[in-house]
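> All residue numbers for the sequence shown refer to my numbering, where the first residue is 2 and numbers rise by one. Structure in structure tokens, see below.
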Amino acid sequence: MTNFTVGPVQMDEETRRIGSEQIPYFRTQEFSALMRENEALLRALFDAPADSRAIFLTGSGTAGMEGGVMNFFTHDDKVLVVNGGSFGHRFAELCAIHEIPFTEIKLEFGKPLTKEILSQYENLGYTGMLVQLCETSSGILYDMNIVGDFCERNGIFLFVDAVSGFLADRLSMKEMHINAAVTGSQKALALPPGMSFTVLDGTAVSRCEKTRPRSLYFDYQMCLKDGERGQTPFTPAVGTLIQLNARLRGIEKSGGISAMNRAAKERADYFRRRIAHLPLRMFVAPENASNCVTALCPARPDVGAHRIFEILKDEYGIWVCPNAGEYADKVFRVGHIGHITQEETDKLIAAFEDLARRGIL
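Laid out in structure tokens, this is it:
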């Protein structure tokens, strides 16, 4: 099977090789040194301030989202939540569960967050903002420069879900005034699923020192304290952290974050250019589309998007990303992250062309 989903994605040979090895004992100086290096490399990729720290949580990207909500905010906050799809809605759910007062900025699915929309929330006493870098369910990329400037101007703490967009789309914590950002192991880092990584600036660290979440496992004070010695409070996904170290070193050697962003953009642009003749249309305007994924709609109203997903899987050995809910039969998505070659992209395009010839598309 060839995997064009947005997670888990295809892993390179070295990552798979490391995953086949025996998992070592981790309460050692050697593992602590590896973890300190992981933290330094992640901070560099997030372009985080000098006083930043990293949290390594054994749990998926949603665990990192929930951990951030629990540790950065309390019932005394007043939070803005950008809800433009499944993952924006998830932030709203988390705020409701943990009794964080919030206001939703409800966007039409697949539409951008603009200066005009944000202007409605100026000087209203908001203390926090939760937003996706890329809303994966629609494939839209939010303009983090606009968001960051708004938050800086209003003294708002900014927590960004960069689970899918990290490494594919440009992200700079320093330039975009981001206080904390989270990503997941199974996206562009191309590791097995099951870990999330959150980078915190000094302000975020201070917030963690003042909050007391009603949780043992999600207590970031404990994570930060153990992180000083290169450890985690509880047993982490040790093998994945070793794979992470190899991936981060490889990314650094290959040109760092700019090279990763460029490669994802080239893959996305190549795919979008090559399917222009097919009866498919991009769900998101090209200028607002993330590099990590392309959301597509069949041009013919009688063609179901989920049926395309099933035929590609069953007859062509290719996975793409289906959508759920009301968009299940309207939109499917093609990922551009992970270890994907141009030959594999050509294989997917050829499958679409064959579906068109067969009258299915």
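Glycine included, each C-beta is placed from N, C-alpha and C at the ideal position.
Here's a check: name, in chain order, each residue in its chain whose Cβ is nearer than 8 Å to the Cβ of asparagine 124, leaving out the five neighbours to either side.
Result list for asparagine 124: Asn155, in chain order.
> Taking methionine 174 and aspartate 202 to be in contact with their CB atoms under 8 Å, please state how far apart those CB atoms are, rounded to whole angstroms.
Sure, about 6 Å apart at Cβ, within 8 Å.
> Look at the Cβ atom of glutamine 349, then the Cβ atom of isoleucine 319, and state whether they are nearer than 8 Å.
According to the sequence provided, residue 349 is leucine. The question's glutamine does not apply to it. Against a cut-off of 8 Å, the Cβ pair of isoleucine 319 and leucine 349 comes out as a contact.
> My assumption, with CB atoms under 8 Å, is that threonine 233 sits in contact with cysteine 224. Please give the rounded CB distance.
Correct: roughly 7 Å between the Cβ atoms.
> How many Å lie between alanine 300 and phenylalanine 74 at the Cα?
C-alpha separation (whole angstroms): 44 Å.
> Comparing C-alpha positions only, which one of Leu35, Leu159, Asn39, Phe47 sits nearest to lysine 79?
Residue Leu159 is the option with its Cα nearest to lysine 79.
> How about glutamate 324 and alanine 351: are their beta carbons less than 8 Å apart?
A small correction: the amino acid at residue 324 is asparagine; glutamate does not occupy that position in the sequence shown. The answer is no: Cβ separation not under 8 Å.
> Secondary structure at proline 287, three-state DSSP: helix, strand or coil?
Of the three classes helix, strand and coil, the one that applies to proline 287 here is helix, per DSSP.
> Just grab the DSSP bridge partners of aspartate 162 for me.
Its beta-bridge partners are Gln133, Val183.
> Examine the ligand FMN and report whether any of its heavy atoms sits within less than 7 Å of the Cβ of threonine 212.
In the structure shown, the ligand FMN is absent, as is every other ligand, since no ligand is present at all.
> Do you know offhand how far glutamine 121's Cα is from leucine 134's?
When rounded, the distance between both Cα atoms is 21 Å.
> For leucine 43 and alanine 357, what's the separation of their Cα atoms in angstroms?
Using only the alpha carbons, I get a separation of about 43 Å.
> Quick one, are the C-beta atoms of glycine 111 and serine 139 less than 8 Å apart?
Yes, Cβ-Cβ distance for glycine 111 and serine 139 is below 8 Å.
> For glycine 336, which beta-bridge partners are listed by DSSP?
Val294.
> Quick check on threonine 59: does DSSP put it in helix, strand or coil?
The answer is strand: DSSP assigns threonine 59 an E or B state.
> Taking the alpha carbon of threonine 128 as the reference point, which residue from Asn146, Asp150, Phe103 has its own alpha carbon closest?
Ranking Asn146, Asp150, Phe103 by Cα distance to threonine 128 puts Phe103 first.
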